[in-house]
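Each number in the working numbering comes from the position in the sequence shown (counting from 1) with 334 added on. All residues carry an ideal CB built from backbone N, CA and C; glycine is no exception. Heads up, the thing below is written out as structure tokens.
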Amino acid sequence: MLRPIRIGRAKVAGCIFIPAIMQLQENVPLAPLTTFQIGGPARFLVEAKSISDVREAVVWAKSKNLPLFVLGGGSNLLVSDSGWPGLVLEIAVGGIEQRPGEHEGRTLFDVGAGESWDAFVAHAVSRNYAGIECLSGIPGSVGGTPVQNVGAYGQEVSETIDSVEVFDLRDHQVRDLCNEACGFAYRSSIFNTSERGRFIILRVTYGLTPGGKPHLAYADLRRHFEAQRKSLGLAEVREAVRQIRARKGMLIVEGDPDSRSAGSFFKNPVLSEEKHAELQALASAKGLTLPSYPALEKNHKVSAAWLVEHSGFTRGYAAGHVGISSKHTLAIINRGGATAADVLALKDQIQQRVEETWGIRLEPEPVIFGA
Ligand SMILES: Cc1cc2nc3c(=O)[nH]c(=O)nc-3n(C[C@H](O)[C@H](O)[C@H](O)COP(=O)(O)OP(=O)(O)OC[C@H]3O[C@@H](n4cnc5c(N)ncnc54)[C@H](O)[C@@H]3O)c2cc1C
Numbered sequence: 335m336l337r338p339i340r341i342g343r344a345k346v347a348g349c350i351f352i353p354a355i356m357q358l359q360e361n362v363p364l365a366p367l368t369t370f371q372i373g374g375p376a377r378f379l380v381e382a383k384s385i386s387d388v389r390e391a392v393v394w395a396k397s398k399n400l401p402l403f404v405l406g407g408g409s410n411l412l413v414s415d416s417g418w419p420g421l422v423l424e425i426a427v428g429g430i431e432q433r434p435g436e437h438e439g440r441t442l443f444d445v446g447a448g449e450s451w452d453a454f455v456a457h458a459v460s461r462n463y464a465g466i467e468c469l470s471g472i473p474g475s476v477g478g479t480p481v482q483n484v485g486a487y488g489q490e491v492s493e494t495i496d497s498v499e500v501f502d503l504r505d506h507q508v509r510d511l512c513n514e515a516c517g518f519a520y521r522s523s524i525f526n527t528s529e530r531g532r533f534i535i536l537r538v539t540y541g542l543t544p545g546g547k548p549h550l551a552y553a554d555l556r557r558h559f560e561a562q563r564k565s566l567g568l569a570e571v572r573e574a575v576r577q578i579r580a581r582k583g584m585l586i587v588e589g590d591p592d593s594r595s596a597g598s599f600f601k602n603p604v605l606s607e608e609k610h611a612e613l614q615a616l617a618s619a620k621g622l623t624l625p626s627y628p629a630l631e632k633n634h635k636v637s638a639a640w641l642v643e644h645s646g647f648t649r650g651y652a653a654g655h656v657g658i659s660s661k662h663t664l665a666i667i668n669r670g671g672a673t674a675a676d677v678l679a680l681k682d683q684i685q686q687r688v689e690e691t692w693g694i695r696l697e698p699e700p701v702i703f704g705a
């Protein structure tokens, strides 16, 4: 139900106070706001289009003692079946602004957290700015990208983030965090680890390279262009990435049940030299070759998809309303009418089987939240 409720007071012209009105919605189904299309309702929901909307909503939730959850594009979420008992703050701060001039060879773009990530990638690529072309087709909002340091096809967003403007829930101040302060690592940052729940991301500043060459580090992408000898443009790489993603069910395509997911459900495990050697030995005892990549100096990143596949789960595996994508072993999908409990049961089954077979506990990538 949509009804205007007074949730704060705005200060204007010195000491005069006027009531501010925001659209507070009650009992809002969250499932349609997520790519999984699963989950119960939010008791309250507010869409915040500006910093003052954010501030007012936060103050109101605090005054009512309601827990707060910050929602972006809902593409990395599993919402519980009973929903959220407090306020969901949907971030809709918009705007893409290109700063004049260059900063250490890069052009800076200030982008509202509520902008669609893929729309921003399209914007940059069409103007010939390099640095995020391989991140084409990742769903969700700009504000969601620093949270788990999104990455794909050899690029991570931490390579181009210059700074992140945040609202600090501790003291209600707006601050700029430089790249180093965000503590970026593989699928992590301070926003989903040490400072989880402290900051609301309002805007992200990206530094992109004018006229830069596309990044072609990833094997899938190089294979795609094998026969082509001419130099490639950013737009061709963006298109190729989107095609590869569509083949893997990793692009949201209307009507494709394989994209009713939160993308990869498990992170690729990062193992020490010793643990990696143990796993390799176990694989070769079974006559298998373990695919892995060097990561973080002495560590190795192992393919979670391979571990799942070699623990008895195949593409297209079905368990009632849930299953595994027919295009990618790492995506748990909602086959229609699934509940969060169904997804969690399959998640537990996969984790248990992988652990029994390989001695590795897979860590879920999506944020699981709700009562
Ligand atoms: C088909 C598919 C493919 C995918 N492919 C990839 C991929 O290749 N690589 C990859 O890294 N990810 C991938 N993902 C995961 C997901 O798209 C990204 O993690 C995305 O950045 C999440 O952004 P979002 O706006 O949807 O965040 P949400 O799902 O809404 O939220 C995720 C988390 O971020 C927090 N959050 C969101 N916005 C803000 C904000 N403004 N301030 C503070 N906290 C915030 C939320 O509170 C929550 O904890 C994929 C998902 C799908 C469905």
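query                                                                                                                                                      : result
In the DSSP assignment, what are the bridge partners of W418?                                                                                              : A376
Is the stretch 530–550 close to the stretch 442–449, with three or more CB pairs under 8 Å?                                                                : yes
Take the Cβ of G670 as the centre, count every other Cβ of all protein chains shown within 10 Å, and call the residue buried at 16 or more, exposed below. : exposed
Report the partner residues of D444 according to the DSSP bridge assignment.                                                                               : E431 and T539
With H, G and I counted as helix, E and B as strand and the rest as coil, what does DSSP make of I658?                                                     : strand
Cα-Cα, which of G471, P473, S470 and I495 is closest to P480?                                                                                              : I495
Of the choices E529, G488, A519 and S522, whose alpha-carbon is the least far from that of V500?                                                           : E529
Return the CA-CA distance between N483 and I535, expressed in angstroms with no decimal places.                                                            : 13 Å
Does the distance between the C-beta of M356 and the nearest non-hydrogen atom of ligand 1 fall short of 7 Å?                                              : no
Is there contact between the stretch 387–403 and the stretch 456–475, where contact requires at least three CB pairs shorter than 8 Å?                     : no
I need the straight-line Cα distance from N760 to A611, nearest angstrom please.                                                                           : As displayed, the chain neither begins before 335 nor continues past 705, which places residue 760 out of reach and without an answer.
When every heavy atom of ligand 1 is checked, does at least one fall within less than 7 Å of the C-beta of N602?                                           : no
Is H610 helix, strand or coil by DSSP?                                                                                                                     : helix
In or out: P700 buried (at least 16 other Cβ within 10 Å) or exposed?                                                                                      : buried
Along the chain, where does the beta strand (DSSP E) that runs through H634 open and close?                                                                : N633 to V636
Since D590 is in the alpha helix (DSSP H), which residue starts that stretch and which ends it?                                                            : Premise fails: D590 is in no alpha helix (DSSP H) and is neither H nor E.
Which residue from G471, D590 and L423 puts its Cα closest to that of R579?                                                                                : G471
Assuming V422 and L405 form a contact by the criterion Cβ under 8 Å, report the distance between their Cβ atoms to the nearest whole angstrom.             : 5 Å
Examine ligand 1 and report whether any of its heavy atoms sits within less than 7 Å of the Cβ of A447.                                                    : yes
Who pairs with H437 in a beta bridge, going by DSSP?                                                                                                       : R440
Report yes if the C-beta of N361 is less than 7 Å from at least one heavy atom of ligand 3; otherwise report no.                                           : As presented, the structure is devoid of ligand 3, carrying ligand 1 as its sole ligands.
Could you tell me whether the Cβ atoms of C512 and G488 are closer together than 8 Å?                                                                      : no
Run through DSSP, which three-state label would N513 get?                                                                                                  : helix
Note the first and the last residue of the continuous alpha helix (DSSP H) segment covering F454.                                                          : W451 to S460
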